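Here the UniProt record's numbering is used: the first residue of the sequence shown is 1, the next is one more, and so on. Where a beta carbon is used, it is the ideal one built from N, C-alpha and C, also for glycine. Source: prediction; values computed, not measured.
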Amino acid sequence: MAMAMAFVNPIRCNLTPIINNNTNNTTNHRHIHVLDASYVKRAAELSDRSAGFTAPHPNFGCVIATRGGGVGKVVGEGYLYGEGTKPAEVQAVEAAGECCRGATAYVNMEPGDCHGDLTAISAFIKAGISRVVIGIRHPLQHLRGKAVQALRSEGLQVDVLGEDIQSVSIEDAVKSCLLANAPLLYRSATRVPFSVLKYAMTLDGKIATSSGHASWISSNMSRSRVLELRARSDAVIVGGNTVRNDNPRLTTRLGRGYEPLRIVMSQTLDLPEVANLWDVRDVPTIVVTQRGTRRSFQKFLASKGVEVVEFDILNPKDVADYLYDRGLLSILWECGGTLSASAISSGVIHKVHAFVAPKIIGGKNAPSPVGELGMVEMTQALELVDVCYEQIGPDVLISGYLHPIPDLTPIIPSADETSAIGPSLSSYDSTIFFNKTWDPYGSFSNFSPHPIQMPDGSGDYVTWPSVEHYYQAQKFVGSSNPNARSYVEAIYLAKSPEEAARMGRKIQREHPDMVRSDWENVKTEVMYKALKCKFSIYPHLNSMLLSTAGRVLVEASKKDLFRDGQHLNYLGQLLMKLRSEFLDGNTHKPQISAATPITSNSSNRYHELDASYVKRAAELSDKSAGFTSPHPNFGCVIATGGGGAGKVVGEGYLYGQGTKPAEVQAVEAAGECCRGATAYVNMEPGDCDGDLTALSAFIKAGISRVVIGIRHPLQHLRGKAVQALRSEGLQVDVLGEDIRSVAVEDALKSCLLVNAPLLYRSASRVPFSVLKYAMTLDGKIAASSGHASWISSKKSRSRVFELRGRSDAVIVGGNTVRNDNPRLTPRHGGGHLPMRIVMSQTLDLPEVANLWDVRDAPTLVVTQRGARRSFQKVLASKGVEVVEFDILNPRDVVDYLYDRGHLSLLWECGGTLSASAISSGVIHKVYAFVAPKIIGGRNAPSPVGELGMVEMTQALELIDVCYEQIGPDVLISGYLHPIPDLTPVIPSVDETSAIDPSLSPYDSPIIFFYKTWDPYGSFSNFSPHPIRLPDENGDYITWPSVEHYYQAHKFVGSSNPNARSYVEAIYLAKSPEEAARMGRKIQREHPDMVRSDWENVKTEVMYKALKCKFSIYPHLTSMLLLTAGCVLVEASPHDLFWGGGRDGEGLNYLGRLLMKLRSEFLDGDTNKLQMSAGYRES
């Protein structure tokens, strides 16, 4: 029987009519309001016209109408086609022409498609528009209200629907405006991309049969609608099951040019090697997975051009956060029930599109659209709002939102709002990020709608629609291929910067022969010329750029590794260079500083020389290994250059702690040749904190340039030498930051490897630990009897001795002592002898052992507290040191050795202790000597014991693996964790000082406080510092803590007489924690008990308590004053009003009040604080 379908048109939810019943409103006024609403609604409809043609962006539409005799007439319309294209307002003005004068302009959203661009507003003003009607205010804080204010200041009448006028028709128009920009509204409010969950199911709620087959549930017409949904999204997300079962393409197939990013979420990477999604010729694909999963398959995907992103724990929220940081606006989730449920539970899904087919499939085990959510009652069900129903062929599309469309009230104060809090602070953040044109400082983007006029090859000036158009086209200008000219023209005619970029990148990728041969050498110069033109011909852009003086500019693109903040950030560097040039009044041709990596053919040769000398310095730095105890390795090479060839004139390396610095040795060897020469060091100078000998040697000798392999990994030394040398006029370049090439990457890797122990120790706060073992080809480290001498060859054993010489200590377990009676010495006849460490819980050890002979090398025995006291005395009598632990485990032992100053450890232990060390996360590198032998043995021990893993996908995979033949054996070595990258993701102010002299030399340090036992714990409101303050009658009361006082004052002065009992109860709370818990619970459960003005006075109440606390305890005053110049942040992960939040998303009002108080103390100002209020704490 055919199914009767009742939905001819989309049915939307009922709207609550809000009607202005003012009797003074005339029929004419109501007619005008209806006209206003209809034109604004028309603008909202227009704003959606570009959907699917360009990437999702804020939607703007504009209608210009004249009115005569009470009837309106549309004279011009327009809509924003894409990011960086002509504004909708300008299109409408151009279409209306002279009819604009005295007319009314209607826009669905407050103008602001590009931050810093005033084109739309200027168009209205110049055309003579007399009135502007706005559907909704701009949801982005940095743009909200600015256009309204600017237009009103120019005398135009500006009305905002829903604020000035209320009626049913206006509410309907406002709703249209909200829906047209729902992605932007949700993204602004939730700080994750707008996410839509889409699925198709049968009428009995199945998305596949019991066997997993799912093609096709819905009709062709429904699938066409799905293609439209994809075209409205920045990305489409699926799970691994979808890839395995359906092999989707996830493309729009609409032929419009725009295609969304395809994203696959898979924890195990159990994915097929052949899949449509691995074809990335036209559409990119990202695979997000758990960290360390199937490295080999990750490499396979990378070879296909698929981007792989790892997460510590893969979950939808972290993925959504990552995509938000990547700038995505809208996401479509086309996944199975398990992932759908996870996404919903994570709170990242905002809207649902469910295509219901009139079919019954049945199946007890057939999957449903959404998996387990943990709900046990129907009342817990998540109810959709703003639900719509639409017939699509034989199917019904049911769509709605999981949460109401967000309120536009700003939630987070801008950075400007915090400037008055602490005068000692330059800013909360010295970095300015820009990316999308609608983001703050969006005009800095190359996609901004600012045409530039540049000369072509004949000297004739050509107007390019944007910097991006010009830059992409210049890839093919001057190409030796005569067909390249057609590509230049096609890019010039691209309708948007986005299309120009897409076109230019695709041509470059698919037709590399079309690209000019010198592109890699000139591309930065091309960009700089375009930027200089753009910021020279637009005064407001020039002013905006100059207003950023003292701030670091970073393009926050997550995709462009040539120009983004994650890596080289060339675009930001060029803008800072341009800013510096404008500030200096220098309008000549830009001369990029040496720190800016703009290469030429000749400079490539110098970069290769730089890399080779730095690599030589790294090799030199390792020469002392085994002769002295492990230390930071420093090597130095001094070279002169002539005729493009370098000549080494001096070398040196640090032999050990307290010896002559490598730099001094090299200077002494080079003598007079130092003057004007270049010094190459593998690591930023700093072998001894407070010693400036190395730097002075360079300066006094006349070294003109210093090339550094890596910055110093120790925080107290990091960047200091770079700054000191630059302040003395030396040119300083850092590999990988200022210079980039294949040779440079190779040299950089050498620098990282030679100081890997220091890097790991700095990052992990434990000594660098190497696990060494020798095993047979069938994986045994001993026979069943326990006999293990000798598995490997003499040559391999000699390598083991070298490893010992590179270590501060060698660790073994009790079994090794009992079975092998080792000496654990390097046996090289002199030099460094590592400490020998025995780990034994029971101290069941022999009284006679080689390790108890401590005449040449010390021995340390670590054990459980209280184990065999008598044997401990025997060991002590032999000179063996014994250290007890409450519970003996590898982690506590390495923490202890870290505190002892150890840099590097070698673990030569059996399988049980090896497994414990690996599980504890203290092993960084593995050396496995594999001998070509088969030993067999059911009970023969293996190198590593039980780790608790049940699947091979859980295996720990080594990285940076090396294979080396040593005699008959093979040495396989690799790292369990990547070598820590201490290069800052975003350049610090120090790093950019040479680019822009206006930058201050230091960022404001941040001091976190939270628990009372943490550093600066006295800053916590839970600290045990009673305060004495007057009550409402003027009588002084002593409160046990600030928290007691604050929580109680929520109910002081309440109109409810019962509130007084709560004040007394909180006063008597045994701890601040209990006071807080009590106050929050009462406020939550009995809001009528809370004083009516609490939201307005709560910051003042807190400030009074803090001022009392820090005034009556002198040591607290001193502690607070000693933090001058530091940002104070309460590191509460859950209180987003008083604290900083888990990821810095909180308002941090407690920190702000403390900084205000600190400033008051420093200034001697005791006046009352005036602090904004109105935010709600958790």
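- Within the same chain, Gly371 come within 6 Å of Thr338 by CB-CB distance, once the 5 residues on both sides are set aside.
- Look at the UniProt domain "CMP/dCMP-type deaminase" (608-733) and you find these whole runs of beta strand (DSSP E), each 3 residues long or longer: 635-642, 645-653, 678-683, 705-710.
- About 7 Å separates the beta carbons of Thr252 and Gly52, which is inside the 8 Å limit, making them a contact pair.
- Contact between Gly112 and Ser496 is absent: CB atoms are separated by about 18 Å, not below the 8 Å threshold.
- Contact annotation: Glu946 and Ala915 have beta-carbon atoms nearer than 8 Å.
- For Thr190, the enclosing alpha helix (DSSP H) has its first and last residue at 182-190.
- Within the same chain, and ignoring the five residues on either side of Tyr1062 in sequence, the residues whose Cβ sits closer than 7 Å to its Cβ are Phe1051, Ile1082, Met1089.
- Relative to Ser1054, the option among His1044, Tyr81, Ile887, Glu1032 whose CA is nearest is Glu1032.
- Rounded to whole angstroms, the gap between the alpha carbons of Pro539 and Leu545 is 10 Å.
- For the pair Thr1038 and Ser1118, the Cα-to-Cα distance works out to about 23 Å.
- Counting C-beta pairs with one atom in each stretch, the region 87-96 and the region 133-140 have fewer than three that are closer than 8 Å, which means they do not touch.
- Residue range 768-775 is occupied by the beta strand (DSSP E) that includes Ser769.
- Taking 8 Å as the cut-off, the beta carbon of Ala147 is found closer than this to the beta carbon of Glu110.
- Looking at Val754, Arg868, Leu654, Ala788, the one whose alpha-carbon comes closest to that of Gly686 is Leu654.
- Restricting attention to Gln267, Val280, Lys304, the CA atom closest to the CA of Thr289 is found in Gln267.
- DSSP, reduced to helix, strand and coil, places Ala37 within a helical segment of the structure shown.
- Check the Cα spacing between Asn446 and each of Val526, Gly1139, Phe1022: the tightest is with Val526.
- For the pair Tyr975 and Pro767, the CB atoms are not nearer than the 8 Å cut-off.
- Annotated three-state conformation of Pro539 is helix, per DSSP.
- With respect to the 8 Å criterion, Ser296 and Pro316 are not classified as neighbours on the basis of their beta carbons.
- Taking a contact to require three or more Cβ pairs closer than 8 Å, the region 900-909 and the region 958-970 do not qualify as touching.
- Among the bridge pairs identified by DSSP, Phe194 is matched with Ser330.
- In the displayed model, Asn108 falls within a strand according to three-state DSSP.
- Scanning His924, Leu384, Val74 for the CA closest to the CA of Tyr760 turns up His924.
- The C-alpha of Val649 lies about 53 Å from the C-alpha of Ala782.
- DSSP, read as helix, strand or coil, puts Leu143 in coil.
- Boundaries of the beta strand (DSSP E) around Glu307: 307-311.
- About 7 Å separates the CB atoms of Ala670 and Ala677; that is less than 8 Å, so the two are in contact.
- The residues Pro56, Pro183, Pro193, Phe194, Arg232, Ser233, Asp234, in chain order, have a CB closer than 7 Å to that of Ser330 in the same chain once the five nearest residues on each side in sequence are set aside.
- Rounded to whole angstroms, the gap between the alpha carbons of Asp969 and His631 is 30 Å.
- Taking C-alpha positions only, Ala857 is separated from Gln723 by approximately 42 Å.
- Phe627 is classed as exposed because its beta carbon has fewer than 16 other beta carbons within 10 Å across all chains shown.
- Tyr441 is the residue among Tyr487, Gly336, Tyr441, Tyr570 whose C-alpha sits nearest the C-alpha of Ser547.
- Pro822 sits in coil when the DSSP states are folded into three classes, being neither helix nor strand.
- Between the alpha carbons of Asp844 and Ile887 lies a distance of about 17 Å.
- Proximity to Leu971 across Ala1048, Val926, Glu468, Ala494 peaks at Val926, based on C-alpha coordinates.
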